[in-house]
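What follows is a short report on a single structure.
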Amino acid sequence: QSGFVTGAFDLQDVLFYGGCTFTIMRCMSFALESSEREEGIYSIFDLLKYNFYLPFFFFGPVMTFDQFHAQVSTRELRRKDDEMKSIRVNALLHVGAIVAVDIFFHFFYILTLPSDLKFVNRLSDWSLAGLAYSNLVYDWVKAAVMFGVINTIARLDHLDPPQPPKCITMLYIFAETHFDRGINDWLCKYVYDHIGENHDHILKELVASTATFAITTLWLGPCEVVYIWSLVNCFGLNFELWVQKFFQLGPFAKLEVR
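Each position in the sequence shown, counted from 1, maps to that position plus 702 in my numbering.
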């Protein structure tokens with residue numbers, strides 16, 4: 703990067719590490735899809751188009767190579783009815799969300815309050831809950847707007863990118879993985895589904911979920927909070943299968959039939 707960019711700016715590290723990380727994931731997807739292809743080979747130009755498509759390059763979302771290649775190789779480009787209207791509406795919604803968040807931060811300091819522990823200690827339980835919830839919703843809005851803007855641009859290019867994240871307060875089971883849907887699709891295709899297969903075998907599911915959350919931990923950045931989050935989610939995902947298998951045993955299965 704130092705050979706192409708002079709000086710320094712706020713997002714320099716984010717753009718560099720984000721671009722490198724997503725490049726690694728896209729190259730892995732290209733390599734795995736190429737190794738599984740039975741007829742012919744993909745060209746280096748397919749990889750360059752896939753990796754350097756600008757809207758996805760720095761911040762994602764990640765599309766697996768098979769999906770991207772199938773969409774960019776379509777010869778007949780047709781839009782669905784009212785698709786342009788939907789694109790315009792989404793663009794206006796994202797602009798409105800950006801303005802709303804800017805106004806919200808002018809009156810509320812949800813990101814700076816947690817750093818003042820003396821002030822936080824004086825807050826009531828309900829105030830702490832509201833502060834924590836506001837930070838969660840802000841994290842979702844930030845990702846939803848970023849991916850939403852990128853997706854709107856990609857849809858203008860006749861692509862069907864992964865959908866923006868679902869609000870994290872609506873995710874109530876461990877199997878509900880719809881926050882970063884692009885990375886989720888990548889992990890499911892090349893790790894979770896590949897190892898776990900049908901996800902009905904306890905040992906395979908344990909290995910698949912452990913490998914998936916190990917990669918997720920590296921992706922998020924190894925630290926104590928991420929370790930706890932990964933461990934709890936990995937256990938929850940397996941616990942759901944254990945409970946399902948337990949109630950499929952003979953006595954419980956008979957009660958279910960009745």
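Ideal Cβ placement from N, Cα and C applies to all residues, glycine included.
These numbers were taken from a predicted model, which means no experiment stands behind them.
Three or more Cβ pairs drawn from the segment 753 to 764 and the segment 721 to 730 lie within less than 8 Å of each other, which places the two stretches in contact. When C-alpha distances from Ala793 are compared across Ser829, Thr814, Thr854, the shortest belongs to Thr854.
For the pair Ser731 and Thr766, the CB atoms are nearer than the 7 Å cut-off. In the same chain as Glu899, and ignoring 5 residues on each side of it, the C-beta atoms closer than 7 Å to its own belong to Lys906, in chain order. Residue range 785 to 809 is occupied by the alpha helix (DSSP H) that includes Val803. Contact between Asp862 and Gln773 holds: CB atoms are separated by about 6 Å, below the 8 Å threshold. Excluding sequence positions up to five before and after Ile917, its CB lies within less than 7 Å of the CB of Leu889, Val893, all in the same chain and listed in chain order.
For Pro757, the enclosing alpha helix (DSSP H) starts and ends at 756 to 759. In terms of Cβ geometry, Val851 and His796 form a close pair [threshold 7 Å]. Around the beta carbon of Tyr752, a 10 Å sphere encloses 16 or more other beta carbons of the protein chains shown; the residue is thus reported as buried.
Per DSSP, Met848 is one residue of the alpha helix (DSSP H) stretching across 827 to 858.
Leu951 and Gly884 have their C-alpha atoms roughly 36 Å apart.
With a contact defined as Cβ atoms closer than 8 Å, Leu922 and Ile870 miss out at about 14 Å.
Taking each of Val803, Glu785, Trp944 in turn and checking the Cα distance to Ile904, the smallest one comes out for Trp944. The beta carbon of Ala846 sits closer than 7 Å to the beta carbons of Pro866, Pro867 from its chain, once the five residues preceding and following it are set aside; these are given in chain order. Ile800 and Ser836 do not touch by the CB rule: their CB atoms are close to 17 Å apart, not below 8 Å. By the neighbour-count criterion, in which 16 or more other beta carbons inside 10 Å mark a residue as buried, Pro924 falls on the exposed side. Restricted to the segment 730 to 781, not a single beta strand (DSSP E) segment is unbroken, complete and at least 3 residues in length.
In the structure shown, Leu908 adopts helical secondary structure according to DSSP, grouped into three states. Assignment of Gln950 by DSSP, reduced to helix, strand and coil, places it in the coil class. Residue environment analysis places Asp882 among the buried positions, since at least 16 neighbouring C-beta atoms fall within 10 angstroms of its C-beta. Contact annotation: Leu750 and His860 have beta-carbon atoms that are not nearer than 7 Å. Under the DSSP assignment, Arg883 falls in the alpha helix (DSSP H) whose first and last residues are 883 to 889.
Sequence-distant partners of Met727 (beyond 5 residues in either direction) whose C-beta falls short of 7 Å from its own C-beta, in its chain, are Val764, Trp888. By the criterion of a C-beta distance shorter than 7 Å, Leu734 is surrounded in its chain by Tyr892, once the five residues flanking it on both sides are discounted.
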